[in-house]
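Asker:
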Amino acid sequence: MNVRSISFRLVVWYTSLLTGIFILLGVLFYFGLQHFVENDVQQTQMHRARQIADTLLARIQQTGEAYVADEIKTLYAPEINDRFIRLTRADGRVIYVSGAPTDGSFNPGEIAAATPGPGSDFSRQIHLPGGKTLLVAGVNFQPPNQTSSQQTLSRQTPNQQTPSQARYCVEVGALLDPFEAMLDRLFLQLALGLPLAAVIIAGGGWLLVRRALQPVAQITHAAELITQHNSSERMPVARTGDELEKLSVSLNRMIARLDDAFQNSKRFVADASHELRTPLTILHGELEMLAEDARLDAEGHERVASMLEEVARLAKIVEQLFALSRLDAGEAQTEWQPFDLAELARTTAEHMGLLAEDKHIAISSDASRPVLIEGDRARLKQVVVNLLGNAIKYTPENGAIQLSVNAVNGHAVLEVADNGIGIPSEALPHVFDRFFRVDSARSADSGSAGLGLSIVKSICTAHGAEVEVESTVRQGSCFRVKLPLFKN
Ligand SMILES: Nc1ncnc2c1ncn2[C@@H]1O[C@H](COP(=O)(O)OP(=O)(O)O)[C@@H](O)[C@H]1O
Ligand SMILES: [Mg+2]
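Just remember that the working numbering sits 517 ahead of the position in the sequence shown, which is counted from 1.
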């Protein structure tokens, strides 16, 4: 996976952002719920404590403390409800305390006493051994003043349990346990759900980004397919009004400008080579007539001969340029026919035998079996001529050239190998370029302009063929042309 790719970075950003938001929301939800639950439990306990104070404690001076304790026990049954209730008098005396709850979750005797003070309501959380938490809400209460008859009564019975003006504290508590268990479950669900959500977000993000970038892939693919041979083709434009539409429109405009420039230069080469052919032919004819003129002395004849040589060289270059411009214009397809490439290679090699003999170069051919292909015979002959010509030209005397034509894996393969001077590796990628010569000084005298291999390449391209070269300096070169076989 490419970590610097736009899709990867987008997915990482998007996943981190959404996961971050989820974590934040989860934390807020968890703590919010915890706060709400504790508040609710506290309110309920507080309400109960106040209820005890308002209904039972308010009349304690008439009913007596023992009666109140009894009432609490019967009305609230704290043991059965797993609740804690304690009634304490200002002097610290505990009037009533609930027993251990039926589930035995805490021991009420161990819960520190709260002394009733003049302060108002209070609440506290008590952490019990075993990890449980008891939430206790308390109400400090002073029963209202006694009636005068009761005051008299109390004065008459000083031993009575209810002292006048006594302050009481009612504490009501409940375990936070069930809520804590629920919060724990919620935490577990959030903790497990989050990675799952992150995976779904990342997967969804990946698909979304892939979809969003699909037009870019299409544009890239279309751009790859546009070459000098189909430069009039344009890229698909999705009418979405977005950046991608602008990009494809801009690229199409750029291709149109390049196509224009390219067509202009092709037209220029075609026109120039065409215009130069006639004057050169005339010049050649005139010079030939001059060469036969008896009035010329020996020096004059020599000069005319050298001029004829140069004109012939020029004419050859112009012919090559003209051939290239016609290939560029796509004229190679007009005269296609099936024929035997092996036979063509054999006869061409025979014709060029004289040239090789001059340098005592032996040409051996391995092209006995017919290899049928379809194409322009004259132009493919040019390919063999150019490759063999180069092999002869760039192989020193007494060298050897091997020519072979075979059908391999559904392809016709033509090979021209020599044991000549070879091509340096840095020049190999350029040998098919127009006017490229490895060593211009070396080939200038042999009358070459560096167009032979570009013609080979153009003809091959027109035939849907590939041409490649392997070469080692001072050991030799091998040119290989791979053509589709003829299928009837
Ligand atoms: N068989 C070969 N052996 C060595 N060098 C070669 C061979 N064929 C081509 N080259 C090199 O590639 C260059 C380009 O070849 P080509 O296009 O035919 O031009 P040229 O007109 O110079 O032959 C040549 O100048 C030569 O340096
Ligand atoms: Mg050549």
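Built from N, CA and C at the ideal position, the CB exists for glycine as well.
#1: Measuring only from the beta carbon, is residue 965 closer than 7 Å to any heavy atom that is part of ligand 2?
#2: Residue 736 to residue 730, Cα distance in whole Å?
#3: Would you identify the three-state DSSP class for residue 586, choosing helix, strand or coil?
#4: Helix, strand or coil for residue 519? Go by DSSP, reduced to three states.
#5: Residue 862 lies in the alpha helix (DSSP H); which residues open and close that run?
#6: First and last residue of the beta strand (DSSP E) that includes residue 656?
#7: Give every residue of the same chain whose Cβ lies closer than 6 Å to the Cβ of residue 941, excluding the five residues on either side of it in the sequence, and list them in chain order.
#8: For residue 753, is the classification buried or exposed, using 16 other Cβ atoms within 10 angstroms of its Cβ as the cut-off for buried?
#9: At which residues does the beta strand (DSSP E) containing residue 884 begin and terminate?
#10: Looking at the secondary structure, which residues open and close the beta strand (DSSP E) in which residue 989 lies?
#11: Three-state secondary structure (DSSP) at residue 551?
#12: By how many angstroms is the C-alpha of residue 835 removed from the C-alpha of residue 768?
#13: Leaving out five residues on either side along the sequence, give the residues of the same chain with a beta carbon under 8 Å from the beta carbon of residue 847.
#14: By the DSSP assignment, the alpha helix (DSSP H) with residue 781 in it spans what residues?
#15: Could you spell out the range, first to last residue, of the beta strand (DSSP E) harbouring residue 935?
#16: Would you kindly report the start and end of the unbroken beta strand (DSSP E) that includes residue 1013?
#17: Applying the 10 Å Cβ sphere with the 16-neighbour rule, what's the burial state of residue 664?
#18: Excluding the 5 residues flanking residue 883 on each side, which residues of the same chain have their C-beta closer than 6 Å to its C-beta?
#19: For ligand 2, I want to know if residue 907 counts as a neighbour, meaning its beta carbon is within less than 7 Å of at least one of the ligand's heavy atoms.
#20: So does residue 955 have its beta carbon nearer than 7 Å to some heavy atom of ligand 1?
#21: Rank 534, 692, 641 by C-alpha distance to the C-alpha of residue 647 and give the top, closest one.
#22: Sorted by chain position, which residues of the same chain lie with C-beta nearer than 6 Å to residue 945's C-beta, five sequence neighbours on each side aside?
#23: At the level of alpha carbons, what is the spacing between residue 681 and residue 565?
#24: When burial is assigned at 16 or more other CB atoms within 10 Å of the CB, is residue 929 buried or exposed?
#25: Please state the DSSP three-state secondary structure of residue 942.
#26: Is any heavy atom in ligand 2 found nearer than 7 Å to the beta carbon of residue 970?
#27: Just the Cα atoms here: how many angstroms apart are residue 656 and residue 717?
#28: What's the gap between the Cα of residue 868 and the Cα of residue 999?
#29: Closest to residue 859 by C-alpha separation, out of 812, 933, 525, 720, would be which residue?
#30: Roughly how many whole angstroms lie between the Cα atoms of residue 668 and residue 579?
#31: Per DSSP, residue 890 is paired with what?
#32: Exposed or buried, which one is residue 734 when buried takes at least 16 other CB atoms within 10 Å?
#33: Using C-beta distances below 8 Å, list every residue in its chain close to residue 870, excluding the 5 sequence neighbours before and after it, in chain order.
Answerer: Per the coordinate set shown:
#1: As a working mapping, residue 965 is identified with position 448 in the sequence shown. Residue 965: yes, Cβ under 7 Å from ligand 2.
#2: Along the sequence shown, one-based indexing puts residue 736 at 219. Along the sequence shown, one-based indexing puts residue 730 at 213. Cα-Cα distance, rounded: 10 Å.
#3: Numbered from its first residue, the sequence shown carries residue 586 at position 69. Helix.
#4: On the sequence shown, position 2 is the one that residue 519 refers to. Correct three-state label for residue 519: coil.
#5: The residue labelled residue 862 in the question sits at position 345 within the sequence shown. That run of the alpha helix (DSSP H) goes 858 to 868.
#6: As a first step, residue 656 must be located in the sequence shown, where it is residue number 139. 650 to 658 is the span of the beta strand (DSSP E), which, as asked, contains residue 656.
#7: By one-based count along the sequence shown, residue 941 stands at place 424. Only 990 meet the Cβ criterion.
#8: In the sequence shown, the residue the question calls residue 753 occupies position 236. Residue 753 comes out exposed.
#9: The count along the sequence shown starts at 1 and reaches residue 884 at position 367. Careful: residue 884 lies outside any beta strand (DSSP E) and carries neither H nor E.
#10: As a working mapping, residue 989 is identified with position 472 in the sequence shown. Looking at the DSSP string, the run of the beta strand (DSSP E) that includes residue 989 is 983 to 989.
#11: Walking along the sequence shown from the start, residue 551 turns up at place 34. Helix at residue 551.
#12: For the purposes of this step, residue 768 is identified with residue 251 of the sequence shown, where counting begins at 1. For the purposes of this step, residue 835 is identified with residue 318 of the sequence shown, where counting begins at 1. Going by the C-alpha atoms only, they are around 36 Å apart.
#13: Counting from one through the sequence shown, the residue named residue 847 turns up at place 330. Taken in chain order, the residues that qualify are 746, 979.
#14: For the purposes of this step, residue 781 is taken as residue 264 along the sequence shown, with counting starting at 1. Residue 781 -> alpha helix (DSSP H) spans 760 to 808.
#15: Along the sequence shown, one-based indexing puts residue 935 at 418. Element bounds for residue 935: 928 to 935.
#16: This structure does not reach residue 1013, given that the chain is present from 518 up to 1005, and the question cannot be answered.
#17: Here the question's residue 664 lines up with position 147 in the sequence shown. Note that residue 664 scores a pLDDT of 49, beneath 50, so its modelled location is shaky; the value from the coordinates is reported in the next line. Residue 664 comes out exposed.
#18: Reading the sequence shown from its first residue, position 366 is the one you call residue 883. Closer than 6 Å at the Cβ level, and outside the excluded window around residue 883, lie 921.
#19: Taking the sequence shown and counting its residues from 1, one reaches residue 907 at position 390. True, at least one ligand heavy atom lies under 7 Å from that Cβ.
#20: The residue you call residue 955 lines up with position 438 of the sequence shown. Within the cutoff, so yes.
#21: Taking the sequence shown and counting its residues from 1, the one referred to as residue 647 is at position 130. Nearest C-alpha to residue 647: 692.
#22: Start at 1 with the first residue of the sequence shown, and residue 945 comes out as number 428. Result list for residue 945: empty, nothing under 6 Å.
#23: Here residue 681 refers to the residue found at position 164 of the sequence shown. Here residue 565 refers to the residue found at position 48 of the sequence shown. Low local confidence applies: a pLDDT of 47 at residue 681 is under 50, so the model's placement there is unreliable, with the coordinate-based value given in what follows. Each residue's Cα considered, the two are about 25 Å apart.
#24: As a first step, residue 929 must be located in the sequence shown, where it is residue number 412. With 16 or more other Cβ atoms within 10 Å, it is buried.
#25: The residue given as residue 942 occupies position 425 in the sequence shown. Here residue 942 sits in coil by DSSP.
#26: Against the sequence shown, residue 970 aligns to sequence position 453. Yes; taking the cut-off as 7 Å, the Cβ of residue 970 has a heavy atom of ligand 2 nearer than that.
#27: Numbered from its first residue, the sequence shown carries residue 656 at position 139. Numbered from its first residue, the sequence shown carries residue 717 at position 200. Each residue's alpha carbon lies about 52 Å from the other.
#28: Against the sequence shown, residue 868 aligns to sequence position 351. Against the sequence shown, residue 999 aligns to sequence position 482. The straight-line gap from Cα to Cα measures roughly 23 Å.
#29: Taking the sequence shown and counting its residues from 1, one reaches residue 859 at position 342. Ranking the options by Cα distance to residue 859, first place goes to 933.
#30: Locating residue 668 in the sequence shown gives position 151, counting from the first residue. Locating residue 579 in the sequence shown gives position 62, counting from the first residue. With a pLDDT of 42 at residue 668, under the threshold of 50, the modelled position of that residue is not reliable, and the figure given next carries that caveat. Looking at the two C-alpha atoms, the distance is approximately 11 Å.
#31: Here the question's residue 890 lines up with position 373 in the sequence shown. DSSP lists 856, 1002 as partners of residue 890.
#32: Taking the sequence shown and counting its residues from 1, the one referred to as residue 734 is at position 217. With fewer than 16 other Cβ atoms within 10 Å, it is exposed.
#33: Taking the sequence shown and counting its residues from 1, the one referred to as residue 870 is at position 353. Only 880 meet the Cβ criterion.
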